[in-house]
Each structure stands twice: as structure tokens, then as C-alpha cells.
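Residue numbers (full-length UniProt numbering): 1 to 723.
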Ligand code: ADP
Ligand code: ZN
Ligand code: ZN
């Protein structure tokens, strides 16, 4: 057998591919290579060199070209990725592809890490001195007066700068330049003196620099977790080491980036999916070269190279956004742990509402818990009260007590937030005469009424339809919206409080880039206002004048069959409640429900998240559910139900017959039809993760070979979070 290179190619197949070494050039492990693949070419990553080929030399093709002089992925990343592909049962090629920014998966030279910047021309300097130009143009001239600025920074500082840049460039007042290091390094802003709990947390983590140790920083919203992160990143910087800070959403990023840059006084790289590809690749490469020391990013930033790693931080570690739900289904928090171990550095998970997984790890002694129990200064955690909705006259789903409290709040010149985790006008459009309701033909689920657009929209597949003038079943005109979405609440609150601005924040009103930040920036700090919105409102921006939070429509979460629903609801309630009373004014939280005696609500409100979470963990232990049991979910979908049943049946039969596994299914998915496809699943569980992997690893390879596999779309999900 000839000596070959084993290569990961970005295809959804459970294999690596063998090729003969290139005619010239050294293809080291971790380097990218161009290879012939199918009828075209593909860029892959060398995983092993000098291996014995699995096919005869006659069929073996040769690597066309080596793209990197030195490995692009270092030994640690290669090892971590191999581990990840094995653990999450992913296609290895897709795991490697996830780790590389798109631009680096192409057959092109690496982009320059120097970044284009905008700067004042000589004419621009005199224009600025002469005080000519107004509005956006003047703001841009002023921004550039401090020195050249990269586009990414201007996006944050002056969201509307591009139009001004065009005008000024045409007039010759500004010009493009190039700068070696992205953001201008400014003197760092002074840090506040840490309060005692913060100091304890910082000392504990700093004492673990240079070794692997997970920490859980359990601190209520506003207790100063971010200050702890900043202090630790500063300490890492002082030792010339790199820090990675993961956040669940880009929505959170702009404010945090600003805070990091102002405080650290060094360039801070930002990595998220909305970034231009060039910028993403450059940020990645600057971390790889060690030129940059700090990176802030969302899920996929967990793959950033950290050759001088000092510290990994995962903020809001409980957030579901860390789990990738398609393709390579990894969990960024869990991968952060694996990387920290490989890099021999501490990893700090922060949350006001830690996941049951992390709490179980604390109980088991694997993570060290750190607590922030108070808010700095005079800010106090808000009081939470339940409003019993039963037998109340509701005004668009809002109880009199709740409307009263909102009225009092705005009368005092303060702000109120109404939280409803459903966008649109109403979740159902019902015929009052015959009971017909508008249903998505592709999902067999009610369609949401969007009144302003006069459309019915399916929130599962985006199928759209016009709103019928009369009932299609009986011809009656009595079509009534049932239930409330944020759009309806906005309308109702505007009618109730005509003098007060009502701002709606959901996916519709924040479609544009930066729209979320801008909407909140429009809020005057000392004027009354009402915010209505979905869970986007649970975080972000500090709102010092927000003193009332009203939570409506939690009952669906209380009644859900998903075993994680209680945990999620508890987290959401606590996170949203945390928005009230962040400054000097005390906050108040009202929770409107038809189930005021529900045990989860009672323990949450009487004793807080920590106690409620402990009780949920006991339940999970009794029922053998995660984290006290382990799961792998096989999903399948096809146009024909028969194809799904046949595949899942064969898959079931292919599982080893052992007491170590519990198998549930085949059964229909929680949504049995979606976008016109029939969906089913098979759940494999075991109290032992080892037993589960031992059984499922060979099975995952077998699945691809099943004759029925070709007629369905299927995927495996290890530790699924959405059953
Ligand atoms: P969290 O990340 O836990 O929500 P932050 O770190 O954002 O909390 O802190 C909340 C507020 O308290 C911020 O305005 C922050 O500047 C302030 N703060 C945090 N720690 C201190 C401190 N030690 N002294 C003074 N102010 C602080
Ligand atoms: Zn009807
Ligand atoms: Zn649909």
C-alpha cells in the first residue's frame, strides 16, 4: 500500500479521504491542500501524513497543490476538532470546515491581515478646522480627527457613516488607507475597585492561570460579572496571553465590544456571522499570529486559534444559542471546556441562571463555583409578584392590575417593559361561526396573523397567505384573532397610553443591522416609555429608568411536554426580571398567569433560581434525564411517511441489543409535519455516556449504509437540546 495523506473535505460524509502527496511541496498536518474531488476540486485540511492508504494506488488521486507553507490549524485545534467530530458524531470534514472562516476554505492566498481604514485627507483636515460640513458628514470628519478608523469600528461608532463617507470621499475630504493593527489602541479607562465577591472570583481564576480548571460564575444580572471578565482579561494581557470571550448573540456584542475596547486599551477582535467575510478571516488570522490578544465572538468563535491562550470565558453559558442546530451539531460551551483542557488554561462560565448541566458539574466537584450575590452600589434585585388572571376581565390579554401598574409607572416618568415571547398580532385566526382556523398547509399548524402586513405567516416554515375576507369554510365574516402577539400588545398599549411612546422590539422591528441598538438608543433616559417585545429584550443594553417588568403568556411554557421547558422558563423569567431596577430606582416584576399555584413558579418566586434549579435537578435524577442520563437523537424526514418509518425501523433494528441502552421510538417528531415533510425520530438513552458512545459510534457508520437511508434526510444529534 502506498503512503498517503489523510484529508478532511467539507462534505457531509462520515469519512476522511486518502490522496497521494503532491509532486512538490510539503503537506504538513493542519495545512490546507487543493485536491481533485468528484468532477471538480476541493480545499481540504491534512489530518494525517504518511498513512497507509485504504484503497489501492491505482484509484488513489494526487494532491494538486499545498496552499499553506505552515499549518493553518495548529496541533491543539487539530486534536480538538478530531475529538469534536468523534463526540458529536459529525462528518469530520464538516467539523474542520466549521473551524475555518469561509474565505480560508477557498483556493486563494490568505488575506492581508492589514485592514483598510478611512482617514482624513489634507483638505479634510482644513475642512474640519474651518467647521464646514454639517450632520453626518461632520460627525464622520470628527471621528476621523483622532486618526484612521477601520470600517468595523465606524459601524459601531456611527451606524449611518457609509452615506457620509461616500459624499466626503467624492469631495476629496477623506480617503482610504491601510493600517497594520485594526482598532486604535487608546489608553485604557480606569477600572472600578472590585467589590469583595468580585475580588474573590478574580483571585480564584487568576490563581488557576497555567492549568485547566473550570469555574462557574453564578451571579445575578447586574452583579458585575462583566467586570470580573474584564479584570481577568487584563491580567492575561499583563502576561501577554490571549483571551477568548464567547457571547450567545451578536445583539449583545456592540455594547460589550465598546466596553472591552475602552477598558482594555488594546485591539479587540470581533467574530460573528454578520461580519463581512474579509473581516472575519482577518480577525481569525490576527489571533492565529498572536498579533491580537483578545477576541469576542458568538458560537463559531470557539474555533479561534489561541496559540498564546490564557483564558476562555463563556458568558450566559445557559443560552441555547451555543448549540448548533444543523450540520455539525456541536455545543460551543462544551467545546470551550475541551479546548481549555487541551490548552491547559482556566475556563470561566458565567450566568445569572446557570444550566442544570453546569450546576450538576458543580455538585460533582468538577467545576468550582464562584458567587456574586449582590449588585454593586444601591441597585437592588427586583421584587416579583404573581397576578392571578383567572376570572379577570382581560384587555387584549392584559389584566387590570397589570395595566394599572404600567399606568403608575409611566405617570412617575419611568419605563415599563411588557414581555411576550410571541411575535405577530395573534397566534391563531379563528372563525367564530364554525370553528375553522387558518392552518399552514405544509406544517398542519396554526398560522400567525401579522396585521400590519395583512398576512398569515407560518412561523415554522415561513409559508405566507393573504388574510381571507371571509371564512373559507362557512363564508362567515366572523374571523377573530385569538391570543396575543407583540404586535397586538403594542396596539393595545398605544391605545391605552396615547401620551406615552410604545416601542416594539422583536425580530420584525430589528431586522436591519444595528436596529436593536438604535431603537433602544431612542429611549430617553429620563422620559416615560413602554417597551413591548420578545426574548430579545431579556438582555442587552442597560435601561436605568426601567422600573417595571410585566411578563405575560408564560403558561405555554408551564404546560409544555419538553422536559427542558421548566428550566428554560425559569431562566427566561429570571433574565427578563433582571432588567428591572438596574440603577438607583427599585424595580418591580409582575408575572401574569392562569396557574398561580404551579410549583415551579412558587419555588422560583419564593426562593429564587438556585433553589428552583436544585429541585429541577432532583427531578432529572429521578427520571434519568440529562444531565443524569445521556441522549442521542436520530431524526429523519421525507415527503413520504413510509420512507421515514422504514428508515427509522431499520435503524432501530441495527442497534445492539443491550441493557445499557434505552430506546424510545421510532415515533413522530414533536412537529410530525413541517414544510411539507413527514418527520420522525428515535431516541437512544443511557445512564452512561461511555456505553452510549460505544454503541452509537459504529451504528452511526452503519446508518449511512442502510438501503432506506437514501430516501430520507437524516441526522444524529448528541446531547440534543430540542427534542
Ligand atoms: P453583569 O455582567 O453581571 O450583568 P456588569 O458587570 O455589567 O454586570 O455590572 C453591572 C453594572 O455595575 C455596570 O454598570 C458596571 O459598570 C457596574 N459595576 C460592576 N462592578 C462594579 C464595581 N466593582 N464598582 C462599581 N460599579 C460596578
Ligand atoms: Zn367559518
Ligand atoms: Zn408551515
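All C-beta atoms, glycine included, are put in the ideal place defined by N, C-alpha and C.
Annotation note: the stretch 9–77 contains the following uninterrupted beta strand (DSSP E) runs of length 3 or greater, listed N- to C-terminal: 17–19, 32–37, 40–52. Taking 7 Å as the cut-off, the C-beta of residue 473 counts as close to a heavy atom of ligand 2. The stretch 232–240 and the stretch 388–402 do not touch, with fewer than 3 CB-CB distances between them shorter than 8 Å. Distance from the C-beta of residue 665 to the nearest heavy atom of ligand 1 is not below 7 Å.
Under the three-pair Cβ rule at 8 Å, the stretch 501–520 does not count as touching the stretch 471–482. DSSP lists 388 as the beta-bridge partner residues of residue 593. Separation of residue 529 and residue 536 (C-alpha to C-alpha, rounded to the nearest whole angstrom) is 17 Å.
Of all C-beta pairs linking the stretch 161–178 to the stretch 276–293, fewer than three are shorter than 8 Å, placing the two stretches out of contact.
A distance below 6 Å between beta-carbons, with the five flanking residues on each side excluded, links residue 340 to the following residues of its chain, in chain order: 212, 312, 347. Scanning the stretch 111–190 for uninterrupted alpha helix (DSSP H) segments of 4 residues or longer gives 122–130, 135–145, 151–157, 161–170, listed from N- to C-terminal end. Distances taken from the Cβ of residue 6 to the heavy atoms of ligand 3 include none shorter than 7 Å. Within the stretch 526–558, the complete beta strand (DSSP E) runs of at least 3 residues fall at 529–533, 546–551. Note: residue 699 is not bridge-paired with any residue in the DSSP secondary-structure output.
Residue 431 is bridged by DSSP to 479. One residue list follows from the rule of a beta carbon closer than 5 Å to any heavy atom of ligand 3, given in chain order as 440, 442, 443, 458, 460, 461, 463. For residue 312, the pairing in a beta bridge is given by DSSP as 244, 347. Within 7 Å of the C-beta of residue 700 there is not a single heavy atom belonging to ligand 1.
The continuous beta strand (DSSP E) containing residue 715 extends over residues 713–718.
Rounded to whole angstroms, residue 31 and residue 87 show a C-alpha spacing of 23 Å. Between residue 604 and residue 595, the beta carbon gap of about 12 Å keeps them out of contact (Cβ cut-off 8 Å).
Around the C-beta of residue 441, fewer than 16 other C-beta atoms lie within 10 Å, and the residue is accordingly described as exposed. Rounded to the nearest angstrom, the Cβ distance from residue 370 to residue 617 is 19 Å, too far for a contact under 8 Å. By the beta-carbon neighbour count (other beta carbons within 10 angstroms, threshold 16), residue 686 is buried. Judged by DSSP in its simplified three-state form, residue 704 adopts helix. If you ignore the 5 residues before and after residue 399, its C-beta comes within less than 7 Å of the C-beta of 387, 389, 392, 592, all in its own chain and listed in chain order. Contact annotation: the stretch 262–282 touches the stretch 291–298, with at least three C-beta pairs closer than 8 Å. Non-local beta-carbon contacts of residue 27 in its own chain, meaning distances under 8 Å to residues more than five positions away in sequence, involve 5, 21, 33, 46, 49, 63, 66 in chain order.
Secondary structure at residue 490: helix, using DSSP grouped into helix, strand and coil.
In the DSSP assignment, residue 92 falls within the alpha helix (DSSP H) that extends over 92–99. With respect to the 8 Å criterion, residue 409 and residue 548 are classified as neighbours on the basis of their beta carbons. In the assembly as shown, residue 310 is a buried residue. Its beta-carbon has 16 or more other beta-carbons within 10 Å. Only residues of its own chain outside the window of five on either side were considered, and among them 663, 665, 666, 682 have a CB closer than 8 Å to the CB of residue 652, listed in chain order. In this chain, the alpha helix (DSSP H) harbouring residue 226 covers 225–238. Judged by DSSP in its simplified three-state form, residue 278 adopts helix.
Straight across, the Cα-Cα distance linking residue 519 with residue 14 is about 46 Å. Of the candidates 418, 648, 660, the residue whose Cα lies closest to the Cα of residue 550 is 418.
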